[in-house]
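Colleague:
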Amino acid sequence: GRVEVYHDGRWGTICDDQWDDRDAEVVCRQLGLSGNPKALSWAHYGQGSGPILLDEVECSGNELSLDQCKKSDWGQQNCDHIEDAGVSCDPFTGTDLQLYASQTWSVLLPYYTASSADKGTVRLAGGRSPSEGRVEVYYNGDWGTVCDDGWTDLGAQVVCRQLGFR
């Protein structure tokens, strides 16, 4: 899917300048996904909205996170959303992949989020894949679970959308 990053309280996309399979390999590794990483350019998974936060990402393919790759400074770019970068981490083809980051990146498993998060951020914990698990929410500096009283498919759809799934 389209790769989006979270930095300084906002979501944004990555420009596809210099984007290649080595960058895709690092994204897939950071998300804890295995398979055959494939970089996709020219907004293959659709154009994002909001800021374009990274440009000129150049990974060697051995890094544990995008933060270890050569790249532009946050927010420094010369792109339009038609150049949004995408990744396929087979067998998870076609989902929107979102990475949470502050000044440092973190590997996202076993949780589909990061160690530093904003109030109200949700994550899935304990699942067999990034798209399933126990719903947890960040509040007052701690992660907590969500009681299932009154929990319906509508609540699940909201959480899935908040995590970038369709």
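Residues in the sequence shown are numbered from 1 upward in steps of one, following the UniProt record's numbering.
In this text, a Cβ means the ideal position worked out from N, Cα and C, and glycines have one as well.
Fair warning: this is a prediction, and the values are worked out from it, not measured in the lab.
Helix, strand or coil: how does DSSP classify H44 here?
Modeller: If you number the sequence shown from 1, residue 44 lands on position 44. It is coil, neither helix nor strand.
Colleague: Where R146 and V122 are concerned, what is the direct C-alpha to C-alpha distance, given to the nearest angstrom?
Modeller: Position 146 of the sequence shown, counted from the start, is the residue given in the question as residue 146. Position 122 of the sequence shown, counted from the start, is the residue given in the question as residue 122. For the record, residue 146 in the displayed sequence is Val; it is not Arg. The straight-line gap from Cα to Cα measures roughly 10 Å.
Colleague: Can you have a look at S115 and say buried or exposed, based on whether 16 or more other CB atoms are within 10 angstroms of its CB?
Modeller: Stepping through the sequence shown from its first residue, residue 115 is reached at position 115. With a pLDDT of only 40 at S115, under the threshold of 50, the placement of this residue in the model should not be trusted; the figure read from the coordinates follows. Label assigned to S115: exposed.
Colleague: Do you know whose CA, among T13, D8, L163 and S72, lies nearest V87's CA?
Modeller: For the purposes of this step, residue 87 is identified with residue 87 of the sequence shown, where counting begins at 1. Among T13, D8, L163 and S72, the Cα nearest to that of V87 belongs to T13.
Colleague: For A85, does the three-state DSSP call read helix, strand or coil?
Modeller: As a working note, residue 85 is residue 85 in the sequence shown. Residue state, collapsed to three classes: coil.
Colleague: Who are the Cβ neighbours of W74 in its own chain at under 8 Å, not counting the five residues just before and after it?
Modeller: Here residue 74 refers to the residue found at position 74 when the sequence shown is read from its first residue. Excluding positions up to five away in sequence, the list reads H7, D8, L53 and L54.
Colleague: Is the region 17-32 touching the region 65-83, taking contact as three or more C-beta pairs under 8 Å?
Modeller: yes
Colleague: Looking at C-alpha atoms only, which residue of D67, R161, W151 and H44 is the closest neighbour of V5?
Modeller: For the purposes of this step, residue 5 is taken as the residue at position 5 of the sequence shown. The shortest C-alpha separation from V5 is found at D67.
Colleague: Classify E56 as helix, strand or coil using the three-state DSSP reduction.
Modeller: Counting from 1 along the sequence shown, the entry for residue 56 is found at position 56. E56: coil per DSSP, three-state reduction.
Colleague: Residue ranges of each alpha helix (DSSP H) run of no fewer than 4 residues wholly in the UniProt domain "SRCR" (122-166), ordered along the chain?
Modeller: 153-162
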